[in-house]
Every structure is written in structure tokens, then in C-alpha cells.
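Just so you know, the protein sequences line up as chains A and B, in that order. Per our numbering, the first sequence runs over residues 1 to 355. Per our numbering, the second sequence runs over residues 1 to 355. Just so it is clear, CB atoms sit at the ideal spot from N, CA and C, and this is done for glycine as well. Single-structure report; data block below.
There are 2 protein chains.
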Amino acid sequence: MSAARPAPLTGPPVRRTRLVDVADATGLDVSTVSRVLNSDPRQTVRAETRARVLATAARLGYRPNALARALKQSRSNALALVVPMVRNPIWSVVERGALDRAAERGCAVLVVSEPTDRPRPPAAYQAMVLESRVDGLVLATTLRPRGGAGGDLPVPHVYLNRRGPRPGHDVVMDEEGAVGLWVQEMGRQGRRDLVLLDGPQDVDTVHRRARAAGFAGDGATGTRVRMVHAPATEHGGWTAAVRLFSDPRPPDGIGVGSLPQLTGLVAAIRSCGIAVPTALGLVSFDEDASLSYLGMPVTSVAMPLAELGAAGVDALLDQVDGRSPHDVLVAGPMRLVRHEPAPLPRRGSTRSAPP
Amino acid sequence: MSAARPAPLTGPPVRRTRLVDVADATGLDVSTVSRVLNSDPRQTVRAETRARVLATAARLGYRPNALARALKQSRSNALALVVPMVRNPIWSVVERGALDRAAERGCAVLVVSEPTDRPRPPAAYQAMVLESRVDGLVLATTLRPRGGAGGDLPVPHVYLNRRGPRPGHDVVMDEEGAVGLWVQEMGRQGRRDLVLLDGPQDVDTVHRRARAAGFAGDGATGTRVRMVHAPATEHGGWTAAVRLFSDPRPPDGIGVGSLPQLTGLVAAIRSCGIAVPTALGLVSFDEDASLSYLGMPVTSVAMPLAELGAAGVDALLDQVDGRSPHDVLVAGPMRLVRHEPAPLPRRGSTRSAPP
DNA sequence: CTGTTAGCGCTTTCAT
DNA sequence: ATGAAAGCGCTAACAG
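Below you can see the structure in the form of C-alpha cells.
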């Protein structure tokens, strides 16, 4: 494992430069140095002094001690992002949106992954605020709250991609609009017998999509929408799909709530020999690059996931800054993305990809 | 968005209970309370006093201020985990292993996602330590370091799943062993013409697997192993595979370094009409539940990912505690997992799944 | 314009 | 067995 690599060379642990070190080196007082470094709005500092401080700080590689600053200011400039530990890759997009926005706003992020097999009540995370580790919570746990009682967090927080026990703290996307886009697309393709295959009812996004699906049927066009709930896993999707296809009257259009379910569904479609898109139209509510490699055309409703994460951070920091909490609907951009299977280059071999 | 939900009820921001509050409530001094709450090893506290403090602290819902404690002790009990922001779901397993172990050891984790499109040198993260936000760094960025120069971090750190510029800070898995398992499995199936399809050469794990593959050829059995590098994406896997299959002598066994590449490869296999497992054996170096739903049998080498994350945290905390750095090889458990396509229940419909 | 001063909440000698 | 006091590194009045 070594060979050409240089020797271990373990230097002494780094000596942190403090404000007082910069003060001593410049012959000024710490308060003056602090003023300069924080670019105090009412700058009453001589340009020459200013320059000297800046130069010295740079030379000594001074970095302010975030702990001391936070302690003094009663503000940690950090926030906790609680995300469910699921395999669905969409969360990484949300996370990225949140992390980027937080970084823009000078805020560190503590990511807390909640194991889905042992979910904890939101109140369990409020300790992080009480311990001053973070200024507030972005709660992206999936479960809908049981009752309204006990659910009030006395610390700054927002619920991300789900609604909390009371309004005023919800940052969600337009799931109803997404369902609308799906139904509309299916109608455009002349499909009338739709199924929305999604996760368990107690996941808030599912709940909202199911509700929208309930209203989406249309007597005039003869469109009907059935709801099928299954675990948000490959196996859940597979099982539900197999059952659907053994139905006397299988759907001619399916919307799928999560990528793992879609994987299972696609496997079932292949096993059952269903023709896509001839006999069945497929729409995923998660957009992902892998959709072009399923061997059959799939359309996705691309949701504004990164924007959701960013909006969550913004809404939370608003509360931390003392503004009163408010619900946020992350509306756009939301659009249909068509994924055709990649075509073989030039002369294909044995047989070509499905249309 | 409201309907049946209760009113907003925004309580006043929580008033944090401080040590002095507990002291006042008990009539004791803060130092005494501190001793009790930290269960000072040389307990010189009366049992009655002890009980009273504990009761009062519990009643007031006292939570120690992590900032103040960290400032005093010059130790934040937090660490940063720098992970590449890739879509490969294996990282979430590593992350979970790390988070769980850190929680066990009373340590908060700041997750920093590094965008792969703009990688930063490890030194960029050392600021988090210099600012006392964290005690050390777990660096899981994928790129191999350029030169040995400049790569020395004067702060506690480990490289996770990759080697750093010098030995002594590496926590890696047995990639050579994994390649060995693959070759061995292929041999058992009577396959002799193998290809290892993996990511770019400058990813350290890829580098090590490629090296192992180079030694894996065997004149005695007539086994040869070719190396194919491609971007670690669906498209990368697809393109490389299409090229392989148009070869006069395509391989009869393929190992794939990442899940996205496997997705592309499987699409190509289907498009080109290659028979699996008859004409081709497939092994993935990432284990995932979705492998059972590809419509063809795939074997995976299940790597000890959670253990890797945990070992990274342990190795880092060792350094933080002043022990001298050392390389860690996370050996096991590592095993082959066979994934057969799920069978249709009872009477299958039109046609059944591929063998 | 710059320095003095008083803490933020906690731990940790050192006294008593 | 408990209390007093110093101080971690920084910011923010208030003086000068």
C-alpha cells in the first residue's frame, strides 16, 4: 500500500491563531482588530490601521474561532437538516440545494440522517437547538404527524416536503400540480384508465398526491384514476404491478411516486410482456438520469428539488432572524421530461432497442 | 393547505436553561452542579446533593450549552464528513455507518457535500478545524491526490475509501480482495475472457482495482482480464458496453465498478441481445436491492460500507485523542450476493422472466 | 479613531 | 463536601 509514497511526516498539531495574536503582532487592541475583521458598518478605523490588521491577519493565517463568536452572539450560524435515510436518490438533490444555499448565507449544516426503521419525533431534534449547536431545524422526516398535540416545537424550524402539525412551518412543492401534469400528459396520449402507484398513505407527499388524484377523474372524458399504495421499494413496486397486470382491466397509464418503485414496476412490465408505450404509458414523479436506460420510454415530472432545499433554508433563517414563520409553496420550475431509450449507434447488432 | 389543522400557535422562543439556573434553583454553586452533571470521576459529592441536582436539572429541562463547553475544553466533539456529491447510493450507506458510530461516541457530524464538478483540495476543509467548528476531518473525496507536495494537513484527518498523499491516514476497503472474489467467481462459472468496467483512472478505488485486475490474468487457466475505464454514469456504462459488444471477441464476464455504470451496461446488454448468464456473467462491485430487478441475474460483491464509515470515525477520533495516526484496512465482511430476477407468482401472464 | 471593560456559559484548579 | 475565581476567544457597549 505504500511503495512510491513519501514518508508519514506527521507535523505537530496546528497552533490556532487567536485574535489576540493578531492584536499583539500589530500593536493594536483586540477590539480594534475585531472591528476591522468584522468590517463594522460604522467604520471608524484609519485606512492605514485597517490595512495593517488585514495584512497581519492574512500573514498569520488567522481564522476566527466560531465557537467563541457563537457563544458571544448567542447564534451558532449553523442549522440541522434532518433527512430520512432512504435509498431514494432524490434526497441528495434536495440536500445539495440546501447545503449550497446555507453556504451562500454563511451557515454550516449539520446533517442528521433519520433511520426510517426507527423514526424519532421532531421534538427529539430540538435538543440540538437547546444545546446551541444549531440555530434551527429543517425537518425532512417523511411521516405525517399523528395528532396536532405535542407537536409544537418552541425552536425555529421548518418541515421540508411535508406539512407539520400546524400551518406556518411548511415548505412543500406543488404535488397537486405534479399530479395535474401527469393526468394531462396521459390525456394527451389518449389514455383514460390511470393508476397512481405511490408509497404508503402516511407519507405526506403521497397523501397530497392521492388527494389530487381523487379529484382528477373526469366524467366528461371518461378518465378514471385509481390509487395504489405500496411500500416505496423495488419489491413494493413489483408486487403492486404484478397484481395490477393480472387484473381483468389493467390501466393504460401509470404514474409512479418513487424511483425504487419504478424499478420494480419496470421489471414487472418486462416480465409480463406489457408493451410500452403502446399498451401502457409511464410517468415517474422523480426525475433521474437512469430513466433513459430502462429500455422503455418513460416521462418524468421533474420537481424543483434543489429549490425546495434552498427554500427550506431560507424559510428557517427567516425565523432565526426573528421574522414570523410562514408556509412556503415551492412552485416552479416543474416540467415534463421525456426519456427515450438510448439508440444503438450506426449498425445495431442482433436486435435494436424497443421504440 | 389548512382545513382541519389547528391554529398556528407560535409560542415565544424558548428560554434556554443555564447551569446557573439549576444552581440557583438548588441553592448550590455552579461548580457543584457541574461536577454532578459531568459525573466527575473523583465524586466528592453527597448523595443527597447529587440527587437534588439531578432532579432539578431534569425538572428545568437543563441542556448543557455545547458551545460554551467546547470553548472551555478546546474540543467541539464534532467532526466533518466530506463526501462527494454523486448519485451513487453507496455513499448513503457509508454515511450511515459514520453517523451511527459518531453518535455512539458522542460526536456530532457536519456533512459537507463536495460537488464533483468543482472539487476542492483537502486543505480547503481544514478551515473548519482552524475555526474550531470540528475536531477533525473525514475526507471521502474521490480524487487521488496529484503530487505528494502540499498535501499535508496539520489537523486531525483521515481519508476514507481513498489514500491520501502520505500513508498513516488512509481508511480503505480490500479492493484487491474484491477483484479476487470476482475473478474467482467468474472462473467457477468457466469464464475466461473478463473485462473490468470501472470509473476513471484517477479515482483511487478504481486505481487499486485496476492494479489488482492487472495481476489477475492467469496463463495456466487461460484467463485474461482487460480494463475499461469510463465515466461513472449510466451513459459511461452504456457507451463502453456498446463498444465492447461490437468487438470481434466480446468478453464472457464483466465486473462493474458502480451502480450507474451497471444500469447503462444492462441497457446495452438488452439492446444488443446478449444472453445473460449464458453468454455473459455479470458482477457488480456495489450491492443494492435494485439488482434483483434488472431482469437478468447479477452477482454483487457486497463491500463492508457501513463498517468503512464507522472505521473512519474511529480512526479520526483516535487522532483527536492524541494517538498517532495509522492506516486502516477494513477487511470484512465481504461476500458474493446472487440476485436472480424476481419470479412471477403462480400462473405467469404472457411470458415469463428471462432465466 | 482606538482602548477599556464586561460578559456569553461552562469547566477546573485551588481554597475552605 | 462545597464554593470562589479564573479564563476559553470573542464581541459590543461605553469611554477617552
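- When DSSP states are grouped into helix, strand and coil, His235/A belongs to the helix group.
- Within the segment 307-327 of chain B, contact with chain A at the beta-carbon level (separation under 8 Å) is assigned to Ser324, Pro325, Asp327.
- The beta carbon of Gln189/A lies closer than 6 Å to those of Gly281 in the same chain, with the five residues before and after it left out.
- Interface flag for Tyr159/A against chain B is unset, since no Cβ pair is found closer than 8 Å.
- A Cβ of chain B is located within less than 8 Å of the beta carbon of Val111/A.
- By the Cβ-count criterion, Ser113/A is buried, with 16 or more other Cβ atoms from all chains shown falling within 10 Å of its own Cβ.
- Residue environment: Asn38/A is assigned as exposed (fewer than 16 neighbouring CB atoms within 10 Å of its CB, all protein chains considered).
- For Glu114/A, the enclosing beta strand (DSSP E) stretches over residues 108-114.
- The beta strand (DSSP E) runs of length 3 or more contained entirely in the segment 157-194 of chain B are, from start to end of the chain, 157-160, 170-173.
- At least one CB of chain A lies nearer than 8 Å to the CB of Arg16/B.
- Chain-ordered listing is empty here: chain A has no CB closer than 9 Å to the CB of Val179/B, the nearest sitting near 15 Å.
- For the segment 86-101 of chain B, the beta-carbon criterion of a distance under 7 Å to any beta-carbon of chain A is satisfied by Arg87, Pro89, Ser92, Glu95, Arg96, Leu99.
- Using beta-carbon distances, Thr142/A does not count as an interface residue toward chain B, since no partner is under 8 Å.
- Secondary structure within the segment 289-328 of chain B: the beta strand (DSSP E) runs of 3 or more consecutive residues, fully enclosed, are 298-302 (chain order).
- For Leu336/A, no chain B residue has a C-beta closer than 9 Å to its own C-beta; the minimum C-beta separation is roughly 20 Å.
- Counting only Cβ-Cβ distances below 8 Å, Thr263/A has contacts in chain B at Ser290, Tyr293, in chain order.
- Annotation: Cβ neighbours of Arg133/B in chain A (cutoff 7 Å, chain order): Ala66, Ala108.
- Contact with chain A is found for Ser76/B, since one of that chain's Cβ atoms lies less than 8 Å from the residue's Cβ.
- When beta bridges are read from the DSSP output, Asp198/B appears opposite His229/B.
- Around Gly236/A, the same chain offers Ala230, Gln261, Gly264 as residues with beta carbons nearer than 7 Å, after the five sequence neighbours per side are excluded.
- Around the Cβ of Arg249/B, a 10 Å sphere holds fewer than 16 other Cβ atoms; the residue is exposed.
- For the segment 276-289 of chain A, the residues whose beta carbon sits under 9 Å from a beta carbon of chain B are, in order, Asp288, Ala289.
- The shortest CA-to-CA distance from Val45/A to any of Pro167/A, Leu28/A, Thr17/A, Gly164/A is the one to Leu28/A.
- Excluding sequence positions up to five before and after Pro115/A, its CB lies within less than 6 Å of the CB of Met85, all in the same chain and listed in chain order.
- Approximately 17 Å separates the beta-carbon atoms of Leu308/A and Ser284/A; this is outside 8 Å, ruling out the contact.
- Put simply, the backbone Cα of Val171/B is about 15 Å away from that of Val206/B.
- In the three-state scheme derived from DSSP, where H, G and I count as helix and E and B as strand, Ile274/A is classed as coil.
- Interface with chain B (8 Å Cβ-Cβ cutoff): Ser300/A is excluded.
- Here Val82/B is bridged, per DSSP, to Val112/B, Leu139/B.
- Taking 8 Å as the CB threshold, Ala57/B stays off the interface with chain A.
- The Cβ-Cβ distance between Met227/A and Ala213/A falls below 8 Å.
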